[in-house]
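J.: Sharing a structure, written as structure tokens. Questions coming.
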Amino acid sequence: MNWVWFHRFGSPPYFYRFAGRWAPWFLGISLVLLAVGLYGGLVLAPADYFQSDVYRIIFVHVPSAYLSLMTYTWMAIAAAVGLIWRIKIAHAVAAACAPAGASFTAVSLVTGMIWGQPTWGTYWAWDPRIVSQLFVLFFFLGYIALRGAIDDRDRADRASAVLAIVGVINVPIVHYSVDWWNSLHQGPTLMKSGGLRYRCRWRGHCW
Amino acid sequence: MTPSQKRRLYMVLGILVGVGVATTFALQAFKSGIGFKAPTEVVAGAVQQDKRFQLGGMVKKGSVQRVPGTLEVRFVVTDFQNDVPVVYRGVLPDLFKEASGVTTNGRLDASGVFQADEVLAKHDENYMPPAVGRALKKGESRLEPPASPAPQQ
Chain A
1015 MNWVWFHRFG SPPYFYRFAG RWAPWFLGIS LVLLAVGLYG GLVLAPADYF
1065 QSDVYRIIFV HVPSAYLSLM TYTWMAIAAA VGLIWRIKIA HAVAAACAPA
1115 GASFTAVSLV TGMIWGQPTW GTYWAWDPRI VSQLFVLFFF LGYIALRGAI
1165 DDRDRADRAS AVLAIVGVIN VPIVHYSVDW WNSLHQGPTL MKSGGLRYRC
1215 RWRGHCW
Chain B
18 MTPSQKRRLY MVLGILVGVG VATTFALQAF KSGIGFKAPT EVVAGAVQQD
68 KRFQLGGMVK KGSVQRVPGT LEVRFVVTDF QNDVPVVYRG VLPDLFKEAS
118 GVTTNGRLDA SGVFQADEVL AKHDENYMPP AVGRALKKGE SRLEPPASPA
168 PQQ
């Protein structure tokens, strides 16, 4: 099989031309999808039986948290590829993930606080899910700071890549934190363990 | 793969394994300090008296008593096996309801009553329209013994 088309993406000039051509299209598509998604969540979806309308922040909160973890995973994979195969573009991808991922993480934390006040009764709780997600934010910010602190680009690439790889341990911790420990935070909305258990309200207690 | 790429691949895998093992041990060591305690653990003596911890469970149906003229409220936290009585002075969150989840911070006093200084309402990840919620509640009360009080809406 001929992999030339794939290896071309490793060349920074080729990749930048390619990405530059597609970026406006993706921006347009994402704006349309965002509008459709927000309309669905804020207008079409029915209110919740327990929380009424305040739960609607979930349509921003959960996607942000999901993107935060996904972006971190991509950043770590790209950093590892860059570290092992010495591919410059991979480090560039990892570096580009950091500010986007940090923003999604911050949005997930802030929307969580806004949601927590009217439902739980507090903006902040020292809960396993919340603290581990805060660590994700620190890893993103640490990655950005470490890259910025080293002048030599190749050394900055390698040092920050190691940090990104170390922090990826946190991703499964965030995801499973609500299963491993007794936490105030509810279980995962996406990828629920055991499928849809709509009557299990308390640690596997179903009635 | 060239030998140096292989070496770096093993290095990355080594970092992952090392950090993973270290994190696992660290989390195991702090296990008892993470998250809340259920009434069964409390009754079994998992916490020392006068030590602050977080208690979590369901607010037992029919257990909420308010002291008129004050902010004092008494209720029972249950995990359907054991109960812990709680006393709290302060404002309760809107979603604090009987037969629904709660976590609370405070300490046990000498008589085994949990003196709470913070009460937070816990909700689950099952979101549904009010009609479905009502239908489920109806089905729930049919399943219960007739003596129990009607669920509060």
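If you read the protein sequences in the order shown, they are chains A and B. Going by our numbering, the first residue of the first sequence is number 1015, and it counts up by one from there. Going by our numbering, the first residue of the second sequence is number 18, and it counts up by one from there. Cβ atoms here follow ideal geometry from the backbone N, Cα and C, with glycine treated the same way.
Looking at C-alpha atoms only, which residue of B:V130, B:N99 and B:G118 is the closest neighbour of Q65 (chain B)?
T.: Looking at the Cα atoms, B:V130 is the closest of the given residues.
J.: From A:A1092, A:A1094, A:V1121 and A:W1129, pick the residue whose C-alpha is nearest to that of D111 (chain B); which is it?
T.: Among A:A1092, A:A1094, A:V1121 and A:W1129, the Cα nearest to that of D111 (chain B) belongs to A:W1129.
J.: Which residues, in order along the region 21–39 of chain B, keep a beta-carbon less than 7 Å from a beta-carbon of chain A?
T.: Against chain A - using a Cβ distance shorter than 7 Å - the residues of the region 21–39 of chain B are Q22, R25, L26, V29, I32, L33, V36 and G37.
J.: State the DSSP-derived secondary structure class of G150 (chain B), mapped to helix, strand or coil.
T.: Residue state, collapsed to three classes: helix.
J.: Give me whichever residues DSSP pairs with L1083 (chain A) in a beta bridge.
T.: Paired residue(s): none; L1083 (chain A) is not in a bridge.
J.: Cα-Cα, which of B:V101, B:P147, B:S21 and B:V59 is closest to K77 (chain B)?
T.: Nearest option by C-alpha distance: B:V101.
J.: Would you mind sorting L1097 (chain A) into buried or exposed? The rule is 16 or more other CB atoms within 10 Å of its CB.
T.: With 16 or more Cβ atoms within 10 Å of its Cβ, L1097 (chain A) is classed as buried.
J.: Could you give the DSSP three-state label for L15 (chain B): helix, strand or coil?
T.: This structure cannot settle anything about residue 15 (chain B), because the visible part of chain B is limited to 18 through 170.
J.: So which residues of chain B does L1097 (chain A) contact, with C-beta pairs closer than 7 Å?
T.: Ordered by position in chain B, the residues that pass the 7 Å Cβ test against L1097 (chain A) are R25 and V29.
J.: Please report how far the alpha carbon of T87 (chain B) lies from the alpha carbon of A116 (chain B), in whole angstroms.
T.: Distance between the alpha carbons of T87 (chain B) and A116 (chain B) is about 23 Å.
J.: If the criterion is Cβ atoms closer than 8 Å, does the pair V119 (chain B) and V136 (chain B) meet it?
T.: Closer than 8 Å, so yes.
J.: Quick one: is M172 (chain B) buried, meaning 16 or more other Cβ sit within 10 Å of its Cβ, or exposed?
T.: Any property of residue 172 (chain B) remains undetermined from this structure, which presents chain B solely from 18 to 170.
J.: Distance, Cα to Cα, Y1028 (chain A) vs A1108 (chain A)?
T.: The straight-line gap from Cα to Cα measures roughly 18 Å.
J.: Using the three-state DSSP reduction, which class does Q82 (chain B) fall into: helix, strand or coil?
T.: Q82 (chain B): strand per DSSP, three-state reduction.
J.: What is the residue span of the beta strand (DSSP E) that E135 (chain B) lies within?
T.: Counting along the chain, the beta strand (DSSP E) containing E135 (chain B) begins and ends at F131 to K139.
J.: Check the DSSP bridge columns for P1026 (chain A) and list the partner residues they point to.
T.: Bridge partners of P1026 (chain A): none, in fact.
J.: Measure the Cβ-Cβ separation of T40 (chain B) and I1179 (chain A) and say whether it is below 8 Å.
T.: No, the pair does not count as a contact, with Cβ atoms beyond the cut-off.
J.: Could you tell me whether any Cβ in chain A is nearer than 8 Å to the Cβ of Y144 (chain B)?
T.: Chain A contact via Cβ: present.
J.: Are the C-beta atoms of V172 (chain B) and some chain A residue less than 8 Å apart?
T.: For chain B, the structure presents residues 18 to 170; residue 172 (chain B) sits outside this window and is missing.
J.: If the cut-off is 7 Å on Cβ atoms, which residues from the region 1177–1200 of chain A count as contacting chain B, listed in chain order?
T.: Those residues of the region 1177–1200 of chain A that come within reach of chain B (Cβ to Cβ, closer than 7 Å) are I1179, V1180, I1183, W1195, N1196, S1197, L1198 and Q1200.
J.: So, for W1195 (chain A): in the same chain, excluding its five sequence neighbours on each side, which residues have a beta-carbon less than 6 Å away from its beta-carbon?
T.: The residues are P1142.
J.: Where P1038 (chain A) and R1031 (chain A) are concerned, what is the direct C-alpha to C-alpha distance, given to the nearest angstrom?
T.: Roughly 12 Å separates the two Cα atoms.
J.: Work out the CA separation of K155 (chain B) and A164 (chain B) for me, nearest whole Å.
T.: With a pLDDT of 44 at A164 (chain B), under the threshold of 50, the modelled position of this residue cannot be trusted; read the value that follows with caution. Spanning the two alpha carbons is a distance of roughly 15 Å.
J.: Grab me the residues of H140 (chain B)'s own chain with a C-beta within less than 8 Å of its C-beta, minus the 5 sequence neighbours each way, in chain order.
T.: So the qualifying residues of the chain are L112, S117 and G118.
J.: How many Å lie between L160 (chain B) and H1199 (chain A) at the Cα?
T.: At L160 (chain B), the pLDDT of 49 sits below 50, so the modelled position is not reliable and the matter cannot be decided from this model.
J.: Classify Y105 (chain B): buried if its beta carbon has 16 or more other beta carbons within 10 angstroms, exposed otherwise.
T.: Answer is buried; the Cβ neighbour count reaches 16.
J.: Residues of chain A with CB under 9 Å from T120 (chain B), in chain order?
T.: Going along chain A in sequence order, the residues near T120 (chain B) (Cβ under 9 Å) are W1134, A1139, D1141, N1196, S1197 and L1198.
J.: According to DSSP, V1188 (chain A) sits in a beta bridge with which residue or residues?
T.: BP columns for V1188 (chain A) are empty, so no partner.
J.: Name the one or two DSSP bridge partners that Y1053 (chain A) has.
T.: Answer by DSSP bridge pairing: none, since Y1053 (chain A) is not bridged.
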